[in-house]
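Residue numbers (the working numbering): 54 to 545. Structure record follows, encoded as structure tokens.
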RNA sequence: CGGGGCGUAGCGUAGCCCGGUAUCGCGCCUGGUUUGGGACCAGGAGGUCGUCAGUUCGAAUCUGGCCGCCCCGACCA
């Protein structure tokens, strides 16, 4: 029947898909390529939003909102960007329907209502935002302009996968303008750090900060930085990007400012974003065959309390106690769910909340009332312990911190075990096929080599790690000299 | 857009080869017994078999068109 998940080792993709659906996170919509994020899944996104938004504000950013539609001429102004996204754009060509004269009750697109200029549904908002910035920026005193937008974007993907790739997705995109290149570069790096910190401290997901190759760079950027995470099947997931745009968009949209010396200069730009894809990453980084494992810092429910009772009187007695416990935890800012449904057995509830990844479960029965104890189970290790009721208020917060730290450590350990240094192409292929994970190798830095390696091994260049130490070597493919090891992996 | 597969109740399916008005499980509703790791019994509701056409006395089943979905490629955060 429906509750058993496919095992991870059997078929990772199917396990992932099953899990997303059975844990009530999201489902495929009837609309082509689109996804419905269900309340439980969306509440994880809200948690992420809250944490990220706070970090953005702390680094001086403010939120704004720009239109969904981008006139085609505006879209094509920055050539590389337009070209890069051209193949996956949805376009509005008409603004009206009318009843079909030949087919009662049906509607057709009114040919009379053709737009003079087509509107592109934003795949990203650089174009519309920079055309607006032009109006906002005159003087160096208007800079830096540090704006973030929470929005949806549309990229017409051929093949979709819940959270990881859908035709429409939710994200945040930061767009900043600066007076100097140096300041913009600093901003790009700062936001990459923000993402890395978010991934590690909130998602408990270790990431490698790095720089993309020419081939994988954001269209229109000078440099693209990224954070790369490893999923439990050893594949890489690009979890966030931060771009140094140079003056490309300033040129395209003619965004200039008067500097202190009274001279006109083009501004320098950055953009950076993370999306609901992070939810996919969160799932694939931690969860097991019993379901989701959520880090306490992002779990919509921290503690679920399951009463064990035989009669209504028993339930009432237990409920009184539960309310005490729940309120003492809620006072400390934790979200507590009392699962007092009377049509389900405790065992069923245990399994269900495990599937949904609630970090801590408390069970209270008549036995506990007598002894003034509770049974506490942690989701990550599935360990159970009986503790004194009086200790709950102090023990649970500690336990949650423990879980947060533990799943990070576990993911970190997994990543280091699955990261391999290789020095020859044969070894490279062997590791990819037999072990998977990240492969650290010397690469000559050329697009040709990158493409051939991708074609032959399906592994893509992920990034040049920012903390890579200088090390003389030779490219595993071409034998040409190289100064650093870079990361290759099969990826999502 | 190429290659493969599928479309039957809210979900998962059997039936299709060999035509006779649809099977089973889960879920749902009612009543009862249960409840410390995915309960059980009894009764009940729920289906234009993706869609349109054709063949036929008769189509879930055969034929053709269309629509949609999934998997593998190409594309991608």
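The beta carbon of each residue, even a glycine, is placed where N, CA and C say it ideally should be.
Problem - Beta-bridge pairing of residue 299 - partner residues as DSSP gives them - result: Counting from one through the first chain, the residue named residue 299 turns up at place 246. Looking at the DSSP assignment, residue 299 forms a beta bridge with 322.
Problem - Residue nearest to residue 531 in terms of C-alpha spacing, selected from 484, 478 and 488 - result: Reading the first chain from its first residue, position 478 is the one you call residue 531. Checked all of 484, 478 and 488; the closest Cα to residue 531 is 478.
Handout entry: Enclosing alpha helix (DSSP H) for residue 502 [first to last residue]
Key = Taking the first residue of the first chain as position 1, residue 502 is located at position 449. Looking at the DSSP string, the run of the alpha helix (DSSP H) that includes residue 502 is 500-510.
Practice task
Quick one: give me the first and last residue of the alpha helix (DSSP H) that residue 316 is part of.
Solution key: Within the first chain, the letter at position 263 stands for residue 316. First-last for residue 316: undefined, no H or E at that position.
Handout entry: Residues near residue 271 by beta carbon distance below 6 Å, same chain, minus five either side
Key = Stepping through the first chain from its first residue, residue 271 is reached at position 218. Contacts found: 277 and 296.
Practice task
Could you tell me which of 322, 274 and 375 sits nearest to residue 421, measuring between CA atoms?
Solution key: Taking the first chain and counting its residues from 1, one reaches residue 421 at position 368. Closest by alpha carbon: 375.
Problem - contact_flag[the segment 306-320, the segment 438-451] where n(CB pairs < 8 Å) is 3 or more - result: These segments do not touch.
Exercise for the section: Output the residue ranges of the alpha helix (DSSP H) runs that lie fully inside the segment 167-204 and measure 4 residues or longer, sorted by chain position. Expected result: Taken in chain order, the complete alpha helix (DSSP H) segments of 4 or more residues contained in the segment 167-204 are 179-189.
Practice task
Taking only the alpha-carbon atoms, compute the straight-line gap between residue 114 and residue 183 and give it to the nearest angstrom.
Solution key: Along the first chain, read from residue 1 onward, the residue named residue 114 stands at position 61. Along the first chain, read from residue 1 onward, the residue named residue 183 stands at position 130. Residue 114 and residue 183: Cα-Cα distance of roughly 17 Å.
Problem - alpha helix (DSSP H) segment containing residue 101, residue limits - result: Here the question's residue 101 lines up with position 48 in the first chain. Per DSSP, residue 101 belongs to the alpha helix (DSSP H) from 92-111.
Practice task
Closer than 6 Å by C-beta to residue 55: which residues in its own chain qualify, once you throw out the five before and the five after it? Chain order, please.
Solution key: Within the first chain, the letter at position 2 stands for residue 55. With a pLDDT of 36 at residue 55, under the threshold of 50, the predicted position of this residue should be treated as unreliable, and no value is reported.
Handout entry: Range covered by the alpha helix (DSSP H) that runs through residue 334
Key = Numbered from its first residue, the first chain carries residue 334 at position 281. First-last of the alpha helix (DSSP H) with residue 334: 330-339.
Handout entry: Three-state class that DSSP yields for residue 424 in the structure shown
Key = For the purposes of this step, residue 424 is taken as the residue at position 371 of the first chain. Residue 424 sits in a helix when the DSSP states are folded into three classes.
Handout entry: Rounded straight-line distance, which links the Cα of residue 275 to that of residue 322
Key = As a first step, residue 322 must be located in the first chain, where it is residue number 269. As a first step, residue 275 must be located in the first chain, where it is residue number 222. Cα to Cα, the separation comes out at about 10 Å.
Problem - Environment of residue 433 [buried if 16+ CB atoms lie within 10 Å] - result: Taking the first chain and counting its residues from 1, the one referred to as residue 433 is at position 380. Residue 433 should be labelled buried.
Handout entry: Secondary structure of residue 117, DSSP reduced to three states
Key = Here residue 117 corresponds to residue number 64 of the first chain, with the count starting at 1. Coil.
Practice task
Mind listing, in chain order, the continuous alpha helix (DSSP H) runs of no fewer than 4 residues lying wholly within the segment 344-397?
Solution key: Within the segment 344-397, complete alpha helix (DSSP H) segments of at least 4 residues are found at 365-384, given in chain order.
Practice task
Using the Cα positions of residue 311 and residue 331, report the straight-line distance between them to the nearest angstrom.
Solution key: Translated into positions along the first chain, residue 311 becomes position 258. Translated into positions along the first chain, residue 331 becomes position 278. Each residue's Cα considered, the two are about 40 Å apart.
Problem - Assigned exposure category for residue 103 - 16 Cβ within 10 Å defines buried - result: Within the first chain, residue 103 is the residue found at index 50, counting from 1. Taking all protein chains in view, the Cβ of residue 103 is surrounded by fewer than 16 other Cβ atoms within 10 Å, so the residue is classified as exposed.
Problem - residue 515 classed as buried or exposed, judged by whether at least 16 other C-beta atoms fall within 10 angstroms - result: Locating residue 515 in the first chain gives position 462, where the first residue counts as 1. By the neighbour-count rule (16 or more Cβ atoms within 10 Å), residue 515 is buried.
Problem - Residue from 230, 294, 483 and 220 with nearest C-alpha to residue 194 - result: On the first chain, position 141 is the one that residue 194 refers to. Measuring from the Cα of residue 194, the nearest candidate turns out to be 230.
Handout entry: Other residues of its chain near residue 170: CB distance less than 7 Å, five sequence neighbours each side excluded
Key = Counted from its first residue, the first chain places residue 170 at position 117. 124, 125 and 126.
Exercise for the section: Take residue 91 and list the residues in its own chain whose beta-carbon comes closer than 8 Å to its own, dropping the five residues that flank it on each side. Expected result: Position 38 of the first chain holds residue 91. Correct list, in chain order: 77, 78, 79 and 80.
Practice task
Under the assumption that residue 527 contacts residue 534 (Cβ atoms under 8 Å), give the Cβ distance between them as a whole number of angstroms.
Solution key: Working through the first chain from its first residue, we reach residue 527 at position 474. Working through the first chain from its first residue, we reach residue 534 at position 481. Confirmed, Cβ separation roughly 6 Å.
Handout entry: residue 406 versus residue 343: straight-line alpha-carbon distance, rounded
Key = If you number the first chain from 1, residue 406 lands on position 353. If you number the first chain from 1, residue 343 lands on position 290. Answer to the nearest angstrom: the Cα atoms are 10 Å apart.
Exercise for the section: Going by DSSP, name the residue or residues bridged to residue 281. Expected result: Here residue 281 is taken as the residue at index 228 of the first chain, counted from 1. Beta-bridge partners assigned by DSSP to residue 281: 261 and 291.
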